[in-house]
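Participant: Numbering (the UniProt record's numbering), first residue to last: 1 to 292. Below is the structure I would like to discuss, written out as structure tokens.
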Ligand SMILES: *[C@@H]1O[C@H](CO)[C@@H](O)[C@H](O)[C@H]1NC(C)=O
Ligand SMILES: *[C@@H]1O[C@H](CO)[C@@H](O)[C@H](O)[C@H]1NC(C)=O
Ligand SMILES: [Zn+2]
């Protein structure tokens with residue numbers, strides 16, 4: 001019995017440590033959620049803490065990669081991490097938001113709408129949803145939709161089948177955008193320290209980008225969030241930067257890195273600010289309603 005338990009624990013930790021095939025790496029998601037946390041209103045922050053599982057220790061960022069850990073257990077959730085276009089540089093919900101069986105809404109944009117709607121039932125005792133899971137999914141997918149190659153071409157699976165060398169290491173283009181650009185930036189500029197990198201991004205949010213931030217957060221009409229817009233931006237950036245000048249077997253090094261890492265840093269900032277705005281919108285109206 002004890003041996004079986006031991007084997008299970010070892011297996012579980014191996015699985016938990018398996019590389020992310022299809023998401024900003026752990027660092028990317030962590031930064032998105034850390035940035036968001038700083039811009040939550042007191043009310044939103046309180047309700048987020050209330051919804052988090054106990055082992056999150058009140059820290060949203062600590063469960064920001066949970067959706068990647070359960071993608072094998074909840075197989076239906078795997079297509080919710082991305083969307084693909086048929087080789088074109090624009091996103092069209094009706095055309096592109098489905099899983100491989102053609103089931104509608106099963107893509108990252110549909111998922112953001114879905115978990116936003118679920119969280120809108122907060123405070124309603126008849127809500128059938130596990131809102132702790134809804135929150136963890138939402139925080140994760142808001143990150144994914146900002147990774148340009150999470151809205152890439154179907155033919156190359158968002159760059160997964162494009163084998164490249166990142167400096168001297170063999171990898172694929174999708175992984176370069178999930179992980180390698182962030183890792184190299186951390187090593188070259190931030191002393192390998194995630195918090196230093198987050199601080200640098202925060203600094204730009206308050207200085208360099210302050211004029212744009214309002215616009216990042218604005219959606220057309222009354223919409224509380226607009227994942228269609230985020231996905232459209234991503235596929236455009238995928239065409240203009242991620243896929244540009246890359247072929248099967250390309251070697252990507254300084255030229256590519258120095259022209260692309262600013263895109264990655266800005267997408268992380270946008271994802272964080274938009275997640276905060278969304279959670280603030282969701283939870284301030286709810287707590288206002290609760291107080292009536
Ligand atoms: C919406 O959420 C439910 C519960 O997690 C899930 O079963 C369903 O597949 C989700 N659909 C989309 C489009 O995200
Ligand atoms: C901050 O903005 C400057 C100017 O656009 C840019 O060069 C730099 O890479 C940005 N740094 C971060 C951490 O985003
Ligand atoms: Zn993901």
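Built from N, CA and C at the ideal position, the CB exists for glycine as well.
Excluding the 5 residues preceding and the 5 following residue 250 in the sequence, name in chain order all residues of the same chain whose CB lies nearer than 7 Å to its CB.
Facilitator: The sequence position of residue 250 within the chain shown is 250, counting from 1. Around residue 250: 164.
Participant: For a test of your reading of the model: does the CB of residue 35 fall under 6 Å from any non-hydrogen atom of ligand 2? Yes or no.
Facilitator: Sequence index remark: in the chain shown, residue 35 carries index 35 (1-based). Incorrect: residue 35 has no Cβ contact closer than 6 Å to ligand 2.
Participant: Just how far apart, CA to CA, sit residue 240 and residue 89?
Facilitator: Here residue 240 is taken as the residue at index 240 of the chain shown, counted from 1. Here residue 89 is taken as the residue at index 89 of the chain shown, counted from 1. Rounded to whole angstroms, residue 240 and residue 89 show a C-alpha spacing of 9 Å.
Participant: Who pairs with residue 302 in a beta bridge, going by DSSP?
Facilitator: For the chain, the structure presents residues 1 to 292; residue 302 sits outside this window and is missing.
Participant: Quick one: using the 10 Å Cβ neighbour count with 16 as the cut-off for buried, is residue 242 buried or exposed?
Facilitator: Position 242 of the chain shown, counted from the start, is the residue given in the question as residue 242. Label assigned to residue 242: buried.
Participant: Taking the straight line between their C-alpha atoms, what separation do you get for residue 219 and residue 204?
Facilitator: Walking along the chain shown from the start, residue 219 turns up at place 219. Walking along the chain shown from the start, residue 204 turns up at place 204. Distance between the alpha carbons of residue 219 and residue 204 is about 22 Å.
Participant: Closest to residue 47 by C-alpha separation, out of 206, 272 and 131, would be which residue?
Facilitator: The residue labelled residue 47 in the question sits at position 47 within the chain shown. It is 131 whose Cα lies nearest to the Cα of residue 47.
Participant: To the nearest angstrom, how far is it from the Cα of residue 121 to the Cα of residue 223?
Facilitator: Position 121 of the chain shown, counting from 1, holds the residue named residue 121. Position 223 of the chain shown, counting from 1, holds the residue named residue 223. Going by the C-alpha atoms only, they are around 16 Å apart.
Participant: Determine the extent of the beta strand (DSSP E) in which residue 171 is found, giving its start and end residues.
Facilitator: For the purposes of this step, residue 171 is taken as residue 171 along the chain shown, with counting starting at 1. Its beta strand (DSSP E) spans residues 169–172.
Participant: Do you know how far the Cα of residue 133 is from the Cα of residue 301?
Facilitator: As shown, the chain starts at 1 and ends at 292. That puts residue 301 outside it, with no answer to give.
Participant: Is it true that the stretch 97–116 meets the stretch 25–33, where meeting means three or more beta-carbon pairs spaced less than 8 Å apart?
Facilitator: no
Participant: Since residue 136 and residue 66 are thought to touch, with beta carbons under 8 Å apart, how far apart are those beta carbons, to the nearest angstrom?
Facilitator: The sequence position of residue 136 within the chain shown is 136, counting from 1. The sequence position of residue 66 within the chain shown is 66, counting from 1. Residue 136 to residue 66, Cβ: 5 Å. Contact.
Participant: Sort out for me which residues DSSP pairs residue 252 with in a bridge.
Facilitator: By 1-based counting over the chain shown, the position of residue 252 is 252. Note: residue 252 sits in a beta bridge opposite 166.
Participant: DSSP three-state label for residue 98, please.
Facilitator: Stepping through the chain shown from its first residue, residue 98 is reached at position 98. Note: residue 98 maps to strand in three-state DSSP.
Participant: Just to confirm my understanding: we take residue 6, look at its own chain, exclude 5 residues before and 5 after, and list those with CB closer than 8 Å. What are they?
Facilitator: Working through the chain shown from its first residue, we reach residue 6 at position 6. Here the model assigns residue 6 a pLDDT of 48, short of 50, so the residue's position is not dependable and the matter cannot be decided.
Participant: So what's residue 21 in DSSP terms, helix, strand or just coil?
Facilitator: Residue numbering aside, residue 21 sits at position 21 when the chain shown is read from its first letter. Caution is warranted here: a pLDDT of 45 is assigned to residue 21, below 50, making its placement in the model unreliable, and no coordinate value can be reported.
Participant: Between the Cα of residue 147 and the Cα atoms of 69, 159 and 178, which residue gives the shortest distance?
Facilitator: Stepping through the chain shown from its first residue, residue 147 is reached at position 147. Comparing Cα-Cα distances from residue 147 to each of 69, 159 and 178, the minimum goes to 178.
Participant: Just the C-alpha distance for residue 143 and residue 274, rounded to the nearest angstrom, thanks.
Facilitator: Numbered from its first residue, the chain shown carries residue 143 at position 143. Numbered from its first residue, the chain shown carries residue 274 at position 274. The straight-line gap from Cα to Cα measures roughly 9 Å.
Participant: Quick check: the Cα distance between residue 209 and residue 126, rounded to an integer number of angstroms?
Facilitator: Mapped onto the chain shown, residue 209 falls at position 209. Mapped onto the chain shown, residue 126 falls at position 126. Whole-angstrom Cα-Cα distance: 42 Å.
Participant: For ligand 1, is there any heavy atom lying closer than 6 Å to the beta carbon of residue 110?
Facilitator: Locating residue 110 in the chain shown gives position 110, where the first residue counts as 1. Result yes, Cβ under 6 Å from ligand 1.
Participant: What is the DSSP secondary structure of residue 359, reduced to helix, strand or coil?
Facilitator: There is no way to answer for residue 359, as the model of the chain reaches only from 1 to 292.
Participant: According to DSSP, which residues form a beta bridge with residue 104?
Facilitator: Counted from its first residue, the chain shown places residue 104 at position 104. The partner list for residue 104 (beta bridge, DSSP) reads 98.
Participant: Looking only at its chain, what residues have a beta carbon closer than 8 Å to the beta carbon of residue 154, apart from the 5 residues adjacent to it on each side?
Facilitator: Translated into the one-based positions of the chain shown, residue 154 becomes position 154. Answer for residue 154: 84, 85, 86 and 87, listed in chain order.
Participant: Measuring from the CB of residue 124, is there a heavy atom of ligand 1 at a distance below 6 Å?
Facilitator: Counted from its first residue, the chain shown places residue 124 at position 124. Residue 124: no, Cβ never under 6 Å from ligand 1.
Participant: Indicate whether residue 52 and residue 33 have their beta-carbon atoms separated by less than 7 Å.
Facilitator: In the chain shown, residue 52 corresponds to position 52, counting from 1. In the chain shown, residue 33 corresponds to position 33, counting from 1. For residue 52 and residue 33, no; Cβs fall outside 7 Å.
Participant: With the cut-off set at 7 Å, would you say residue 272 and residue 36 are in Cβ contact?
Facilitator: Counting from one through the chain shown, the residue named residue 272 turns up at place 272. Counting from one through the chain shown, the residue named residue 36 turns up at place 36. Yes, the pair counts as a contact, with Cβ atoms nearer than the cut-off.
Participant: Going by beta carbon distance, what residues of the same chain come within less than 7 Å of residue 62, once the five residues before and after it are set aside?
Facilitator: The residue labelled residue 62 in the question sits at position 62 within the chain shown. Cβ neighbours of residue 62 beyond the five flanking positions: 56.
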